[in-house]
Amino acid sequence: MTVPSDNPTIGSSAFGLYRAEWLNHAIFQLFAKPNYYPELETPRPCVLVGGRGTGKTTVLRCLSYDGKFELEGSHQSNVPQWPYYGFYHRINTNRVTAFRGEELQEKQWTRAFAHYVNLLLCGQIFDFLSWYYDLFPEAQRLSEEACRDIGASLFLKDCRSQTDLARGTDRARKQFESFLNNVDPDHMPPMSVQGQPIDELCSSLLKLAPFHSKSFFFVIDEFENLLEYQQAIFNTLIKHCGSSYTFKVGVRELGWRRRSTLNENEQLISPADYERIDIAQRLEGENFVRFAADVCNLRARHARDFPTDIDISRLLPNLSLDEEAELLGIADHLPRLRAAARDGGIDPKEVSDLSPLEFFFADYWATTSNISLRSTLNDRITRPAAWNDRYNNYKTSILFLIRSGKAGVRKYYCGWRTYTILANGNIRYLLELIGQALLLHQRDDMPIGHPISPDVQTKAAQYVGRKNLSELEGLSVHGAQLTKLLLSLGRIFEVLAQHPQRHAPEINQFHLPDDKSLGRAEPLLAAAVMHLALVRSVSNKRSMQTDMELKSYDYSIHPIYAPFFTFSHRSKRKMKLSSQQLLALVDEPKIAIGQILRQYDQREDTALPEQLQLFESFYK
Amino acid sequence: MILVDKPLFTDEFILRDAFQPEIGSTYIFGTTAEDRSVFASDLRKRVVGVRFIELREVERFVIETDDASFPRVVLRREAAVGDFAQSLGDGPLYLDMTGLSHSTWAPLTKVFLALGKEIRVVYLEPQSYTRNPSPRFGEVYDLSERIEGIAPMPLFASLNDAPEEKVCFVPLLGFEGTRFAHMMEEVQPLQRKTIPIIGVPGFQPDYPFQAYLGNSGALERTGAHRQIKFAKSNCPFSLFYALEQIAAKYADEHLKIGLVGTKPHALGATLFALGSSASVELVYDHVKRKKNRTSGADRCLVYRISDFMAATSVGIAA
Chain D
5 MTVPSDNPTI
15 GSSAFGLYRA
25 EWLNHAIFQL
35 FAKPNYYPEL
45 ETPRPCVLVG
55 GRGTGKTTVL
65 RCLSYDGKFE
75 LEGSHQSNVP
85 QWPYYGFYHR
95 INTNRVTAFR
105 GEELQEKQWT
115 RAFAHYVNLL
125 LCGQIFDFLS
135 WYYDLFPEAQ
145 RLSEEACRDI
155 GASLFLKDCR
165 SQTDLARGTD
175 RARKQFESFL
185 NNVDPDHMPP
195 MSVQGQPIDE
205 LCSSLLKLAP
215 FHSKSFFFVI
225 DEFENLLEYQ
235 QAIFNTLIKH
245 CGSSYTFKVG
255 VRELGWRRRS
265 TLNENEQLIS
275 PADYERIDIA
285 QRLEGENFVR
295 FAADVCNLRA
305 RHARDFPTDI
315 DISRLLPNLS
325 LDEEAELLGI
335 ADHLPRLRAA
345 ARDGGIDPKE
355 VSDLSPLEFF
365 FADYWATTSN
375 ISLRSTLNDR
385 ITRPAAWNDR
395 YNNYKTSILF
405 LIRSGKAGVR
415 KYYCGWRTYT
425 ILANGNIRYL
435 LELIGQALLL
445 HQRDDMPIGH
455 PISPDVQTKA
465 AQYVGRKNLS
475 ELEGLSVHGA
485 QLTKLLLSLG
495 RIFEVLAQHP
505 QRHAPEINQF
515 HLPDDKSLGR
525 AEPLLAAAVM
535 HLALVRSVSN
545 KRSMQTDMEL
555 KSYDYSIHPI
565 YAPFFTFSHR
575 SKRKMKLSSQ
585 QLLALVDEPK
595 IAIGQILRQY
605 DQREDTALPE
615 QLQLFESFYK
Chain W
294 MILVDKPLFT
304 DEFILRDAFQ
314 PEIGSTYIFG
324 TTAEDRSVFA
334 SDLRKRVVGV
344 RFIELREVER
354 FVIETDDASF
364 PRVVLRREAA
374 VGDFAQSLGD
384 GPLYLDMTGL
394 SHSTWAPLTK
404 VFLALGKEIR
414 VVYLEPQSYT
424 RNPSPRFGEV
434 YDLSERIEGI
444 APMPLFASLN
454 DAPEEKVCFV
464 PLLGFEGTRF
474 AHMMEEVQPL
484 QRKTIPIIGV
494 PGFQPDYPFQ
504 AYLGNSGALE
514 RTGAHRQIKF
524 AKSNCPFSLF
534 YALEQIAAKY
544 ADEHLKIGLV
554 GTKPHALGAT
564 LFALGSSASV
574 ELVYDHVKRK
584 KNRTSGADRC
594 LVYRISDFMA
604 ATSVGIAA
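Following this line, the structure appears as structure tokens:
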């Protein structure tokens, strides 16, 4: 099967379809199992935590019975051998937000929603049974007595067969919809007890020959869309689901806002109650590089007209720092550097073993430290270890100086490794980067299979950063605030990168005081992390073992935006911000940017890079 | 059947003052800070023999009225809205949607129609929309403060979880591309299952282009620009017919209609949700509109929706 495409540039379209819903059935052909997949297949609750685009939906859909069926090539004979049957459901905001309002008290909404969940999950099992018995019409079915009992638990009348149960559940759902459209606390319809019909149905099914010793998985995606009290209802089911069935939950980081069950004193704790699978941790570093290579190579193989046997990483050549300096035009600085050496009485032979980049750094260090080039070079010879440390610390940051203030590319973002760092464990971002690079490469009339130039790779990375920035506003109700926050922080880090003097190199993170309440900044930060505007990492060394204990975090702009703003994509040094400053970056960006930059002896009125000129009115 | 052969039920008043509600009727309206919302208050002063009821949207999905017998109506309780509707007598009802939010006029429309009321919806076009002082690409207009998030409008909650491959998303586009992008993010339609509708002709000749420009990012990203349909922006009935065509093409599918565009289009979608045999769900993001999002008032349009629905049900509009 080839990847569906409307795009005449075939190679890039294989990477352009990076959302599960765009791929439709091709999702299963293009599925590469991540290293954590076997854990999800165990019969215990799992919570898969990951940002938008980390592949949660793809993985969860592959756990569902219809996904697994397609994944295994639709071989009917496999189905009875499966150890589990999964039922995928994405939490729909337009459904769950119907269950709130002043008309009922929270306790009443809790009962109502629990009943809805019973109808929903039982309905999913009935859909599965209908599919299963279409494949195996002779397989043993639920007895009339069992159907009556299950029906009674849902207040369904006269259910003698599975078909009656399925129809009755559908009817009950419609009746319940009428109740939601005429909410009256004095006339509540009969409501089933939380979890009871699911228990009843699953345990009855497990007694049947086809399902004996199997597991049932309720696969719940986009858990963050649930209201808090609704999360508590699911938490209760997860905590007490027993052996008949279990839950596989997909949720964005910080989207699981309530950890207690309906009993406020009862928390869900990992690993006692569930297995927490944090995609960012599981796919860190080399794990992500390997997984990403599998995904990309699989896509390349399925794309029409894509040369076979091409390793995707070889299409994206890297640059060493010295090569990058050369490409940025360090040669243009050499006459000035040589003249400075000559004026300082330095013999050209003394600098002949310096690479252009090291020579450039020596001059930079002399100027910013207010010492002579002579002393700097002496220092290099007399204390080589200290010099090398210093040079390595500044090597990346001084690249930004080579073309500082000039039009065009000021820093290259290229190479397979660099792309995986920009994606930061997010497979969708990586596919976007490669798809865009291939597209630009083809537009330059370059054949697919030839290495993509650093210039094209960089422009593709800038484009993807800008595209995701423009999409951010539509992602959530906080979208406008997140865009402003990103534009403000991005500008600060960009100015610091272009002017590395008088501060530590590569400042691109921030930290908030641990001892103060974050107030209004807290939901802003949570939304920023949830929607991948920011990335957070544990900063305190006393990192805790469970997910219930307090941690302290550093925050950085997601590296996918680094090429657009032009600052270092490597996680390096951090600045201290107060929560007031953070809020001011959203509420009064011009003032706040200036104030923060002045702390680092920088001015906010330095020229905007070309790509930021689109946002001139925001900054000036 | 092409649109020119379809019956339309709109009375258009280019001179706004020429509009005169029927004697013995009831005129329901709300006011906002927009210039055009003054129309209803002026009408109240100059017209006699008509009962005027002003609605105030005081809290989420609750309205207060200046009718002493119904000071407060909970819109999520169909029975309560029904009692309010019955108190309005048998005369024609004019529902001026200009100064009311979707969450108010849509449930009222549903109940009034269900009770067989003769209902006419009034709408005043604005003269212009407020321009964005510092627009980014495609963001020409400055219309909304924020969105409160996707949630069902009162009396339009749906629990129909159709399978994803059976969902067809029909966003009615306005100028604000971010609202459309947000809906796309929530609905997550499969590829080639988004059929956007843009208002053509627009209130002004350039509006369709601005609408396209404002939504171009999300349209092109998703490939939905290949499937755009058009319906006259101030005509709910044209929108209804456009939806009929889409529903015929995507028979047996669950239509999710995203309300971003004009109020007349939202009205057309509401009528379609109420009158069509297709499986329909309305998706709305509860936008908080800016106070002075428009200026001036243009044409006054009166939509005879109960006549339309009666005609539709006997097959005239089929």
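Same order as they appear, the protein sequences are chains D and W.
Taken in order, the first sequence gives residues 5 to 624; the numbers are from the working numbering.
Taken in order, the second sequence gives residues 294 to 611; the numbers are from the working numbering.
Where is the CB? At the ideal position from N, CA and C, for every residue including glycine.
Beta-carbon gap between residue i and residue j smaller than 8 Å
i, j, result
"V83 of chain D", "Q234 of chain D", "no"
"F3 of chain D", "K578 of chain D", "The requested residue 3 of chain D is not part of the displayed model; chain D covers only 5 to 624."
"L500 of chain D", "Y604 of chain D", "yes"
"R329 of chain W", "P419 of chain W", "yes"
"P214 of chain D", "F310 of chain D", "no"
"C206 of chain D", "S147 of chain D", "no"
"W420 of chain D", "S521 of chain D", "no"
"L437 of chain D", "P563 of chain D", "no"
"A450 of chain W", "E181 of chain D", "yes"
"H482 of chain D", "V460 of chain D", "no"
"L325 of chain D", "L361 of chain D", "yes"
"Y416 of chain W", "P557 of chain W", "yes"
"H475 of chain W", "I521 of chain W", "no"
"T173 of chain D", "F130 of chain D", "yes"
"R177 of chain D", "L452 of chain W", "yes"
Under 7 Å from the C-beta of residue i: neighbouring residues of chain W
i, result
"V533 of chain D", "The premise fails here: V533 of chain D is roughly 17 Å from chain W at the closest Cβ pair, so nothing lies under 7 Å."
"N472 of chain D", "None at all; the shortest Cβ gap to chain W is about 11 Å."
Closer than 8 Å at the beta carbon, the chain W residues around residue i
i, result
"G105 of chain D", "R353, F354, R369"
"E290 of chain D", "Near E290 of chain D there are no residues of chain W at all, since even the closest Cβ is about 32 Å away, more than 8 Å."
"A525 of chain D", "The premise fails here: A525 of chain D is roughly 18 Å from chain W at the closest Cβ pair, so nothing lies under 8 Å."
"G348 of chain D", "Under the 8 Å cutoff, chain W gives no residues; its nearest Cβ is about 49 Å from G348 of chain D."
Amino acids of chain D, ordered along the chain, whose beta-carbon sits closer than 9 Å to that of residue i
i, result
"L452 of chain W", "R99, A102, Y120, L123, L124, R177, K178, F180, E181, L184"
"G507 of chain W", "Residues of chain D passing the Cβ test: none, with the nearest at roughly 12 Å."
"H518 of chain W", "Those do not exist, as H518 of chain W stays about 11 Å from chain D at its closest Cβ, beyond 9 Å."
"E478 of chain W", "R56, E475, G478, L479, S480"
"H475 of chain W", "E477, G478, L479, S480, V481, G483"
CB-CB length for residue i against residue j, believed under 8 Å
i, j, result
"I186 of chain D", "A372 of chain W", "It should be noted that the sequence gives Asn, not Ile, for residue 186 of chain D. That pair is a contact at about 6 Å."
"R413 of chain W", "P385 of chain W", "6 Å"
"D591 of chain W", "F496 of chain W", "7 Å"
"G478 of chain D", "T471 of chain W", "4 Å"
"L323 of chain D", "P458 of chain D", "6 Å"
"I491 of chain W", "Y387 of chain W", "Not really, about 29 Å apart at Cβ, beyond 8 Å."
"F159 of chain D", "S196 of chain D", "6 Å"
"L489 of chain D", "A537 of chain D", "7 Å"
"A361 of chain W", "K410 of chain W", "With 8 Å as the limit, A361 of chain W and K410 of chain W do not qualify as a contact, their Cβ atoms being about 21 Å apart."
"A118 of chain D", "I237 of chain D", "5 Å"
"G683 of chain W", "M602 of chain W", "The structure shown does not extend to residue 683 of chain W, since chain W is modelled only from 294 to 611, so the question has no answer here."
Chain D contact residues for residue i, given Cβ-Cβ distances below 7 Å
i, result
"P489 of chain W", "Per Cβ cutoff of 7 Å: no residues; P489 of chain W is ~15 Å from chain D at best."
"L536 of chain W", "In chain order: nothing, as chain D lies at least about 18 Å away."
"L448 of chain W", "N185"
Where residue i meets chain D, residues with beta-carbon distance less than 8 Å
i, result
"A372 of chain W", "N186, D188"
"V282 of chain W", "For chain W, the structure presents residues 294 to 611; residue 282 of chain W sits outside this window and is missing."
"R439 of chain W", "V481, A484"
"T471 of chain W", "E477, G478, G483, A484"
Chain W contact residues for residue i, given Cβ-Cβ distances below 9 Å
i, result
"N430 of chain D", "The contacting residues do not exist; N430 of chain D stays about 16 Å from chain W at best."
8 Å Cβ cutoff, residue i in contact with chain B
i, result
"I443 of chain W", "Of the protein chains in this structure, namely D and W, none is chain B."
Restricting to runs no shorter than 4 residues, where is the alpha helix (DSSP H) found entirely within the segment 313 to 362 of chain D? 316 to 319, 325 to 332, 338 to 347
Three CB pairs or more closer than 8 Å across the segment 267 to 282 of chain D and the segment 292 to 300 of chain D: no
Quick one: complete alpha helix (DSSP H) runs, 4+ long, within the segment 412 to 483 of chain D? 420 to 427, 431 to 447, 458 to 479
Can we say the segment 387 to 395 of chain W touches the segment 309 to 329 of chain W, given the rule of at least three CB pairs closer than 8 Å? yes
Whether or not the segment 500 to 510 of chain W and the segment 608 to 615 of chain D are in contact is what I'm after, with contact meaning three or more pairs of Cβ atoms, one per stretch, closer than 8 Å; do they touch? no
Does the segment 508 to 523 of chain W come within contact of the segment 574 to 593 of chain W, defined as at least 3 CB pairs closer than 8 Å? no
Check whether the segment 213 to 227 of chain D touches the segment 157 to 175 of chain D, taking contact to mean three or more Cβ pairs, one atom from each stretch, closer than 8 Å. no
Is there contact here, the segment 381 to 395 of chain D with the segment 585 to 600 of chain D, by at least three beta-carbon pairs under 8 Å? no
Can you list, in chain order, the stretches of the alpha helix (DSSP H) that have 4 or more residues and sit fully within the segment 95 to 154 of chain D? 97 to 100, 110 to 139
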